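Q:
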Amino acid sequence: MKTLTFLSSLPLLAIAIPAQATIHTVHNDPLYNAQYSSVDAAISAASPFDTLLIHGSGVSYGNITLNKSLTLIGPGHDPALNERASLNFLTIASGSDSSVVEGLNLGGTTCNSYGVRFDRNRFTSYLSLYSTADSVTVRGNVFMGSYVNVDPGAENVLVSNNYFSEASTGRQFYDGSATTLVLNNVFVRSSTSTSSGNLVFDATSSFTVFANNVFITATVDSFNPDDCPNFSFQNNLSHSDAGTLVGMGPNNLDNTAPTWDLGGDYPEFSYDHDYTMLSGTPATGASDGGQVGVMGGTYPFLNSGLPSLIPRVVGTQLETPYVPVGGSIDVNFQAEQG
1 MKTLTFLSSL PLLAIAIPAQ ATIHTVHNDP LYNAQYSSVD AAISAASPFD TLLIHGSGVS
61 YGNITLNKSL TLIGPGHDPA LNERASLNFL TIASGSDSSV VEGLNLGGTT CNSYGVRFDR
121 NRFTSYLSLY STADSVTVRG NVFMGSYVNV DPGAENVLVS NNYFSEASTG RQFYDGSATT
181 LVLNNVFVRS STSTSSGNLV FDATSSFTVF ANNVFITATV DSFNPDDCPN FSFQNNLSHS
241 DAGTLVGMGP NNLDNTAPTW DLGGDYPEFS YDHDYTMLSG TPATGASDGG QVGVMGGTYP
301 FLNSGLPSLI PRVVGTQLET PYVPVGGSID VNFQAEQG
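Numbering-wise, our numbering puts 93 at position 93 of the sequence shown, and it's gapless, one number per residue.
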């Protein structure tokens, strides 16, 4: 994370956006002075590789189709810090290659493009990557009662450092492909339902690699790696207080309690929790010698979902002790980015 200190009277966000791109601001409350009141209108006006800054609002921005390469940035999803910017449904359509979606509150989401990144969002329904999706990255997101579905035809998919929190029934991961890597995630199922749908995985013959993940379930039957014979499990941790879970094979931490204290055996996602493993085994059980779970790897999890692409003001100081008539104020901003 970078800390920037600068003296400026210019818009703070401008320093983080490439000079050749245009920034479009969106707010659906007419009391705010944004350029557009709808995301659809901003997309229509934008050129490829422009950026849309979507402000938080108590009203959803509705169903959105992205049909060009754009960066969509929300304010983050922790309601204690910012009002969420919500989309009911997001379609990443053909022609949206290399788009970035960050810091938003998302319902159902589909993607069939190349090089798309989903970073630090909150999903409340599902994320489906279609057969034409390629080189898609899903990092640092929160999935609240929702799941990821990777079509077997999708290629080069990375799902890393996400927190999957499921308090009811419904799978958390569907299908997969031979070039899908699921790395450093936490999957928690707190439901004690005996329903046949209370499972981590949907039964599949697809190929996917799972490494350095944490699986915690409130029932033994919920953890079903044996329903996915072609999945490869490496350096993952599994735990349930309900009994002994099915083993994942060699080089895994089967039936091993995670070294964290989150105030419950099956911790639903909380903005107040620290998901860092305590020192020692099994914290260093990951394939890279670091932590298993969301705080390991190269993209540690950030609870708030604050976007990484724009700086955040963390301090201000007036440099001018008084302002003469017709004068100006110099303000020293301190900001963080990352």
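Glycine included, each C-beta is placed from N, C-alpha and C at the ideal position.
Please read all numbers here as calculations on a predicted model, not as lab measurements.
1) What does the alpha-carbon distance come out to for the pair D151 and D221?
2) So, does the stretch 87-100 touch the stretch 271-280, judging by three or more C-beta pairs under 8 angstroms?
3) First and last residue of the beta strand (DSSP E) that includes D119?
4) So, helix, strand or coil for S222, using DSSP?
5) With DSSP as the reference, label I329 as helix, strand or coil.
6) Per DSSP, which residues does F210 bridge with? Please list them.
7) Thinking C-alpha only, which one of S57, T132, P79, P75 is nearest A93?
8) Taking the beta carbon of L345 as the centre, do at least 16 other beta carbons fall within 10 Å, making it buried, or is it exposed?
9) Classify D40 as helix, strand or coil using the three-state DSSP reduction.
10) Helix, strand or coil: which one does DSSP assign to D134?
11) Run through DSSP, which three-state label would D227 get?
12) Return the residue from the list V325, P300, P321, V323 that minimises the CA-CA distance to D119.
13) How close, in whole Å, do the beta carbons of S177 and A154 come, if the pair is a contact with beta carbons under 8 angstroms?
14) What residues match up with I92 in a beta bridge as DSSP calls it?
15) Pull up the CB-CB distance for D396 and F201, whole angstroms please, since I reckon it's below 8 angstroms.
16) Could you name the residues of the same chain whose beta carbon sits closer than 6 angstroms to that of L158, not counting the 5 residues immediately before and after it, in chain order?
A: Taking the geometry as given:
1) Translated into positions along the sequence shown, residue 151 becomes position 151. Translated into positions along the sequence shown, residue 221 becomes position 221. Each residue's Cα considered, the two are about 25 angstroms apart.
2) Counting Cβ pairs under 8 angstroms, fewer than three are found: no touch.
3) Numbered from 1 along the sequence shown, position 119 holds the residue referred to as residue 119. Per DSSP, the continuous beta strand (DSSP E) segment holding D119 begins and ends at 117-119.
4) By one-based count along the sequence shown, residue 222 stands at place 222. Note: S222 maps to coil in three-state DSSP.
5) Counting from 1 along the sequence shown, the entry for residue 329 is found at position 329. Under the three-state reduction of DSSP output, I329 falls in the coil class, being neither helix nor strand.
6) On the sequence shown, position 210 is the one that residue 210 refers to. In the DSSP output, where bridge partners are listed per residue, F210 has V182, F233.
7) Stepping through the sequence shown from its first residue, residue 93 is reached at position 93. The shortest Cα separation from A93 among S57, T132, P79, P75 belongs to T132.
8) Residue 345 is absent from the model: the chain starts at 1 and stops at 338.
9) Looking up residue 40 in the sequence shown gives position 40. If DSSP states are grouped into helix, strand and coil, D40 belongs with the helices.
10) If you number the sequence shown from 1, residue 134 lands on position 134. D134: strand per DSSP, three-state reduction.
11) Against the sequence shown, residue 227 aligns to sequence position 227. Correct three-state label for D227: helix.
12) Within the sequence shown, residue 119 is the residue found at index 119, counting from 1. For D119, the nearest C-alpha among the options comes from P300.
13) By one-based count along the sequence shown, residue 177 stands at place 177. By one-based count along the sequence shown, residue 154 stands at place 154. Contact between S177 and A154 is confirmed by a C-beta separation of about 5 angstroms, below the 8 angstroms threshold.
14) As a position in the sequence shown, residue 92 is number 92, starting the count at 1. Paired residue(s): L66, C111.
15) As displayed, the chain neither begins before 1 nor continues past 338, which places residue 396 out of reach and without an answer.
16) If you number the sequence shown from 1, residue 158 lands on position 158. So the list reads T137, L181, once near-sequence residues are dropped.
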